[in-house]
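If you count by mature numbering (1 follows the signal peptide of the UniProt record, and there is no 0), then the sequence shown holds residues -21 to -1, 1 to 222, one letter each, in order. Ideal Cβ positions, reconstructed from N, Cα and C, are used throughout, including at glycine. Please read the structure below before turning to the comments.
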Amino acid sequence: MKIKLLVSLAGFLLMISSVSARTFVVPHILEVSSGITPNSVFYFLDNWGEWINLKITFNQAKRAEKKLQYAGERLAELEALGDMGDIKKEHAEKIKNKYEELNADVENDIKDLKAKGQDVAELIKKIEAISVRQIAVLEEVLEKVPEQAKDAIEHALEVSKRGHERAIEAIEKEVEDGKIKLEDLGDDLRNEVKQKKGEKSLELKEIEIDEESGEIDELNEELGKNELNDLGSDLDTLEKGIR
């Protein structure tokens, strides 16, 4: 009975949120709508609807995908507010906090799923593709927001960039483990993964060089000590000869 009521309420909230919506699209992955924006007195209904939807989604991987969708909705809300010229600081902060919370939840879900031995390769690829779109939207919104709201958007943008970086690293690890084929990735993503691998190789070489330099320094120091000892011995011998 409770589940039926939750489903009915979720459907009702979905109908309400379809009014004046802004669409957020990641080709072949997801398409989400801004629904109700924070400048509406009914904005709390959007949060209720999402909470209910997550509660009735029992599969963790599916929940993670829905959280990605809701993070996309937060950005669609920013776009919609930008188009209306109505991005206030409190709206930007509210969206930013929810956006960052959802992204953090998704990362935790990925860790849990991997710990349980589940294949997360496709989910990680989705996260990477969505993060690219997120960064583009935030950069666009940053140009529209008033000065007092810029801090919130810049912080969200930084979070998105870090998330994208972690997604690339995760994909690289999946490629190394044979769970993702490099040739199956798109050109841009494949190049990013290759670049990341190149950077890691360079870091390893630098570490090896530093270690070798350290060994050489130790050797030089030891040789220097030996030379001083030899010189000391020679001086002792010379002094004894003079006596």
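Closer than 8 Å by C-beta to residue i: which residues in its own chain qualify, once you throw out the five before and the five after it? Chain order, please.
| i | result |
| --- | --- |
| Lys93 | Val99 |
| Lys73 | Pro17 |
| Thr36 | Arg42, Lys45 |
Just mark residue i as buried or exposed, buried being the case when its beta carbon has 16 or more other beta carbons within 10 Å.
| i | result |
| --- | --- |
| Val20 | exposed |
| Gly51 | buried |
| Lys90 | exposed |
| Asp156 | exposed |
If distances are taken between C-alpha atoms only, which option among the options comes closest to residue i?
| i | options | result |
| --- | --- | --- |
| Glu56 | Lys90, Asn18, Val154 | Asn18 |
| Lys45 | Leu81, Ala59, Ile66 | Leu81 |
| Leu117 | Val85, Ile106, Lys129, Ile150 | Lys129 |
| Asp88 | Lys34, Gln39, Glu155, Ile31 | Gln39 |
| Glu122 | Trp27, Gly96, Ile31, Gly64 | Gly64 |
Is the separation between the beta-carbon of residue i and that of residue j shorter than 7 Å?
| i | j | result |
| --- | --- | --- |
| Lys77 | Gln127 | no |
| Ile159 | Glu153 | yes |
| Ile109 | Leu164 | no |
Starting from the C-beta of residue i, find all residues in its chain whose C-beta is less than 7 Å away, skip the five residues before and the five after it, and write them out in chain order.
| i | result |
| --- | --- |
| Leu33 | Arg42, Lys45 |
| Lys114 | The amino acid occupying residue 114 in the given sequence is Ile; Lys does not appear at that position. If we look at Ile114 and ignore the five residues flanking it on each side, its Cβ neighbours are Leu136, Ser139, Lys140, His143. |
| Ala71 | Val124, Ala128, Ala131, Ile132 |
| Val85 | Ala43, Lys46, Leu47, Ile106 |
Here's a check: name, in chain order, each residue in its chain whose Cβ is nearer than 6 Å to the Cβ of residue i, leaving out the five neighbours to either side.
| i | result |
| --- | --- |
| Glu29 | Tyr49 |
| Asp62 | none |
| Arg53 | Ile74, Lys77, Tyr78 |
Taking only runs that begin and end inside the region 3 to 68, name each unbroken alpha helix (DSSP H) of 4 or more residues, in chain order.
-> 22 to 34, 39 to 63
For the region 60 to 127, which segments carrying the alpha helix (DSSP H) assignment without a break, of at least 4 residues, lie completely within its bounds, in sequence order?
-> 68 to 94, 100 to 121
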